[in-house]
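Novice: One structure, pasted below without further comment.
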Amino acid sequence: MPNTTHRSTASTAVFLWLSLCLSTPAPAAEITVAVASNFSRTAKQIAAEFERTTGHRVLLAFGATGKHYAHILNGAPFDAFLAADTRRPALLEENGKTVADTRFTYARGTLVLWSASPDLVDAAGAVLAGGDFKHLAIANPRLAPYGRAASQVLEAKQLLARLQPRLVRGENIGQTYQFVHSGAAQLGFVSLSQIMQSTPQRPRPSMQRLQPTEQQSPQLNKQSPQLNKQSPQPNKESPQPNKQSPQPNKESPQPNKESPQPNKQSPEPNKQSPEPAIKIPQPMTQNPQPRQNTNAASPPMPGSHWLVPQHLYDPIDQQAVLLKEVAAARRFLDYLKGETAQRIIRAHGYQRPETGANLSHYTWGRDVVGR
Numbered sequence: 001m002p003n004t005t006h007r008s009t010a011s012t013a014v015f016l017w018l019s020l021c022l023s024t025p026a027p028a029a030e031i032t033v034a035v036a037s038n039f040s041r042t043a044k045q046i047a048a049e050f051e052r053t054t055g056h057r058v059l060l061a062f063g064a065t066g067k068h069y070a071h072i073l074n075g076a077p078f079d080a081f082l083a084a085d086t087r088r089p090a091l092l093e094e095n096g097k098t099v100a101d102t103r104f105t106y107a108r109g110t111l112v113l114w115s116a117s118p119d120l121v122d123a124a125g126a127v128l129a130g131g132d133f134k135h136l137a138i139a140n141p142r143l144a145p146y147g148r149a150a151s152q153v154l155e156a157k158q159l160l161a162r163l164q165p166r167l168v169r170g171e172n173i174g175q176t177y178q179f180v181h182s183g184a185a186q187l188g189f190v191s192l193s194q195i196m197q198s199t200p201q202r203p204r205p206s207m208q209r210l211q212p213t214e215q216q217s218p219q220l221n222k223q224s225p226q227l228n229k230q231s232p233q234p235n236k237e238s239p240q241p242n243k244q245s246p247q248p249n250k251e252s253p254q255p256n257k258e259s260p261q262p263n264k265q266s267p268e269p270n271k272q273s274p275e276p277a278i279k280i281p282q283p284m285t286q287n288p289q290p291r292q293n294t295n296a297a298s299p300p301m302p303g304s305h306w307l308v309p310q311h312l313y314d315p316i317d318q319q320a321v322l323l324k325e326v327a328a329a330r331r332f333l334d335y336l337k338g339e340t341a342q343r344i345i346r347a348h349g350y351q352r353p354e355t356g357a358n359l360s361h362y363t364w365g366r367d368v369v370g371r
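Set out below in structure tokens:
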């Protein structure tokens, strides 16, 4: 009888110990993920939801897919890679830089021709042939899949050679968007997800003229200061109210002193333009807090746009791959496949890759029709 009691007590102790081990949550981990520029805001929302759900911390590094690929080959400390194409993840897989059987397509991107001017871009994109603009911004076709798609569109419309002198190249699609948003280029090819956002992106390094060769030309950089000279114009008008209210004049000039700061800072990115989009070994940026509504898309930004027909360019299927066998990173990629992340992805204007939904029937703020 005593032996039976002893065995029962031991079994109970083992059971309680196992229950305690199983119920104790795994410690929170920190992972680093390289993300294509076009997917930056979407990735921030997904990462924020993932952090809230799991307790893990996700550090995101944004840049051109080609730049990320080069950094990963050279040993950049990333745990996962969210590319804007299928080619680079496949090449990394061939070179033994990924965890086996982890590559998958998480979204299909959509190309748009966008202008900050409300009447410049027509619904058929005829402005390209009309030529009523000085500069057309595209991402670097060698580094950014959206830039390659833009080149394919211009070739399909037999406009690439004619518009070559007007093309300005962004290092990535985020920089290309900034050219158009700032007015440096009157229009440009960007991602649909970018013009569905209500908050402007931060300025990126200065633009460079796209030549038939891959050499960079400084001609456009000589013109870029002209844009900075124009930006302080609103400050010339702001002192007018100060003449009517002498007392607040001591405080009112303070905003005017600060307002030109973006122009003083704008040349600084020019010095950094030859540098990669991220720096090794600290390429990470911290995610913001989750938004209140992570599933609803914002309306398109003010301006005009042409939703480029998909038959004019190769599908922009975007793939993700695990680079290191890290449990939290694997869990993040699994989360990316889940319904919560996929709702966020669709809400930002991306398509489900398995359906290739037709965006000609897309309704702003809703999922893609035909998914």
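Position 3 of the sequence shown, counted from 1, bears residue number 3 in full-length UniProt numbering, the numbering being contiguous throughout. Backbone N, C-alpha and C define an ideal beta-carbon position, used for all residues, glycine too.
1) What residue range is occupied by the uninterrupted alpha helix (DSSP H) comprising Tyr335?
2) Less than 8 Å separating the beta-carbons of Ala139 and Asn172?
3) Assign Ala137 to one of three DSSP states: helix, strand, or coil.
4) Pick out whichever of Leu333, Ala70, Lys67 and Gly130 has its Cα sitting closest to the Cα of His56.
5) Just the Cα atoms here: how many angstroms apart are Ala123 and Ala156?
6) Where do the N-terminal and C-terminal ends of the beta strand (DSSP E) with Tyr177 fall, by residue?
7) Return the chain-ordered list of same chain residues with a C-beta closer than 7 Å to the C-beta of Glu93, the five sequence neighbours on each side being excluded.
8) Quick one: what does DSSP say Thr105 is sitting in, helix, strand or coil?
9) Verify whether the separation of the beta carbon atoms of Thr65 and Ala144 is less than 8 Å.
10) Kindly confirm or deny that the segment 68–82 and the segment 312–329 touch, where touching means at least three C-beta pairs closer than 8 Å.
11) For Gly63, which of Gly170, Val112, Ser182 and Ser151 has the nearest alpha-carbon?
12) Phe189 bridges to which residues according to DSSP?
13) Under the rule that 16 or more other beta-carbon atoms within 10 Å means buried, what is Gln351, buried or exposed?
14) If we require 3 or more residues per run, which beta strand (DSSP E) segments fall completely within the segment 53–106?
15) Where Lys222 and Val168 are concerned, what is the direct C-alpha to C-alpha distance, given to the nearest angstrom?
16) Is it true that the CB of Thr54 sits closer than 8 Å to the CB of Lys345?
17) What is the DSSP secondary structure of His305, counted as helix, strand or coil?
18) Enumerate in chain order the residues of its own chain whose CB-to-CB distance from Leu154 is below 7 Å, with the five nearest sequence positions on each side excluded.
19) Relative to the C-alpha of His68, which residue among Gln342, Glu49, Arg88 and Arg330 is closest?
20) With Gln318 as the anchor, note down where its beta strand (DSSP E) starts and where it stops.
21) Let's test the definition: count the other Cβ atoms within 10 Å of the Cβ of Leu73 and tell me whether it reaches 16, buried, or not, exposed.
22) Assign Ala129 to one of two classes, buried (16 or more other C-beta atoms within 10 Å of its C-beta) or exposed (fewer than that).
23) If you draw a straight line from the C-alpha of Gly131 to the C-alpha of Arg166, how long is it?
24) Identify, in the order they occur along the chain, each residue of the same chain with its Cβ nearer than 6 Å to the Cβ of Gln342, setting aside the five sequence neighbours on each side.
25) Rounded to whole angstroms, how far is the Cβ of Pro118 from the Cβ of Gly303, which I believe are closer than 8 Å?
26) The beta strand (DSSP E) spanning Asn36 covers which residue range?
27) If you draw a straight line from the C-alpha of His181 to the C-alpha of Val58, how long is it?
28) Quick check on this structure: which residue in Gly125, Tyr177 and Val99 has the alpha carbon closest to the alpha carbon of Pro309?
29) Identify, in the order they occur along the chain, each residue of the same chain with its Cβ nearer than 6 Å to the Cβ of Ala34, setting aside the five sequence neighbours on each side.
30) Please name the residue or residues paired with Gln351 in a DSSP beta bridge.
31) Can you give me the Cβ contacts of Leu312 inside the same chain, cut-off strictly under 6 Å, excluding the 5 residues immediately before and after it?
32) What is the DSSP secondary structure of Pro218, counted as helix, strand or coil?
33) Which residues mark the beginning and the end of the beta strand (DSSP E) in which Gly170 is found?
Specialist: The relevant details are as follows:
1) Residue mapping note: residue 335 aligns to position 335 of the sequence shown, counting from 1. Looking at the DSSP string, the run of the alpha helix (DSSP H) that includes Tyr335 is Ala327 to Lys337.
2) To locate residue 139, count along the sequence shown from 1; it is residue 139. To locate residue 172, count along the sequence shown from 1; it is residue 172. The Cβ-Cβ distance between Ala139 and Asn172 falls below 8 Å.
3) Against the sequence shown, residue 137 aligns to sequence position 137. Collapsing the DSSP output to three states places Ala137 in a strand.
4) On the sequence shown, residue 56 is found 56 positions in, with the first residue counted as 1. Checking every option, the nearest Cα to that of His56 belongs to Leu333.
5) Residue numbering aside, residue 123 sits at position 123 when the sequence shown is read from its first letter. Residue numbering aside, residue 156 sits at position 156 when the sequence shown is read from its first letter. Those two C-alpha atoms are separated by around 18 Å.
6) The residue labelled residue 177 in the question sits at position 177 within the sequence shown. That residue, Tyr177, is in no beta strand (DSSP E); its alpha helix (DSSP H) goes Ile173 to Ser182.
7) The sequence position of residue 93 within the sequence shown is 93, counting from 1. Excluding sequence positions up to five before and after Glu93, its CB lies within less than 7 Å of the CB of Arg103 and Val321, all in the same chain and listed in chain order.
8) Numbered from 1 along the sequence shown, position 105 holds the residue referred to as residue 105. Thr105: strand per DSSP, three-state reduction.
9) The residue given as residue 65 occupies position 65 in the sequence shown. The residue given as residue 144 occupies position 144 in the sequence shown. Yes. Within cutoff.
10) Proximity of the segment 68–82 to the segment 312–329 meets the contact definition, three or more beta-carbon pairs being nearer than 8 Å.
11) The sequence position of residue 63 within the sequence shown is 63, counting from 1. Closest option to Gly63, Cα to Cα, is Gly170.
12) Position 189 of the sequence shown, counted from the start, is the residue given in the question as residue 189. Within the DSSP bridge table, the entry for Phe189 names Leu113 as partners.
13) Position 351 of the sequence shown holds residue 351. Per the 10 Å Cβ criterion, buried.
14) Segments of the beta strand (DSSP E) lying fully in the segment 53–106: 57–63 and 80–82.
15) Translated into the one-based positions of the sequence shown, residue 222 becomes position 222. Translated into the one-based positions of the sequence shown, residue 168 becomes position 168. With a pLDDT of 40 at Lys222, under the threshold of 50, the modelled position of this residue cannot be trusted, and the question is left open.
16) As a working note, residue 345 is residue 345 in the sequence shown. As a working note, residue 54 is residue 54 in the sequence shown. Reading off the sequence shown, one finds Ile at residue 345, where the question assumed Lys. The beta carbons of Ile345 and Thr54 sit no closer together than 8 Å.
17) Mapped onto the sequence shown, residue 305 falls at position 305. His305 falls in the strand class under three-state DSSP.
18) Taking the sequence shown and counting its residues from 1, one reaches residue 154 at position 154. Excluding sequence neighbours, Leu154 sits near Leu160 and Leu163.
19) The count along the sequence shown starts at 1 and reaches residue 68 at position 68. Per the Cα distances, Arg88.
20) Counting from one through the sequence shown, the residue named residue 318 turns up at place 318. For Gln318, the enclosing beta strand (DSSP E) covers residues Ile316 to Leu322.
21) Start at 1 with the first residue of the sequence shown, and residue 73 comes out as number 73. That one is exposed.
22) Within the sequence shown, the letter at position 129 stands for residue 129. Residue burial is scored here from C-beta neighbours: Ala129 has fewer than 16 other C-beta atoms within 10 angstroms and is therefore classed as exposed.
23) Residue numbering aside, residue 131 sits at position 131 when the sequence shown is read from its first letter. Residue numbering aside, residue 166 sits at position 166 when the sequence shown is read from its first letter. Rounded to whole angstroms, Gly131 to Arg166 spans 10 Å at the Cα level.
24) By one-based count along the sequence shown, residue 342 stands at place 342. Contacts found: none.
25) On the sequence shown, residue 118 is found 118 positions in, with the first residue counted as 1. On the sequence shown, residue 303 is found 303 positions in, with the first residue counted as 1. For a cut-off of 8 Å, the C-beta gap from Pro118 to Gly303 is around 6 Å, short enough to register as a contact.
26) Start at 1 with the first residue of the sequence shown, and residue 36 comes out as number 36. Reading off the sequence, residue 36 comes out as Ala, not Asn. Taken as a continuous stretch (DSSP letters only), the beta strand (DSSP E) holding Ala36 covers Glu30 to Ala36.
27) Position 181 of the sequence shown, counting from 1, holds the residue named residue 181. Position 58 of the sequence shown, counting from 1, holds the residue named residue 58. Each residue's alpha carbon lies about 29 Å from the other.
28) Position 309 of the sequence shown, counted from the start, is the residue given in the question as residue 309. Measuring from the Cα of Pro309, the nearest candidate turns out to be Gly125.
29) Here residue 34 refers to the residue found at position 34 of the sequence shown. Excluding the 5 residues flanking it on each side, Ala34 has same chain C-beta neighbours closer than 6 Å at Ala61, His68, Phe78 and Phe81, in chain order.
30) As a position in the sequence shown, residue 351 is number 351, starting the count at 1. Looking at the DSSP assignment, Gln351 forms a beta bridge with Arg108.
31) By 1-based counting over the sequence shown, the position of residue 312 is 312. Around Leu312: Val153 and Ala156.
32) The count along the sequence shown starts at 1 and reaches residue 218 at position 218. Here Pro218 scores only 36 on pLDDT, less than 50, and its place in the model is too uncertain to base an answer on.
33) In the sequence shown, counting from the first residue as 1, residue 170 sits at position 170. Residue range Leu167 to Gly170 is occupied by the beta strand (DSSP E) that includes Gly170.
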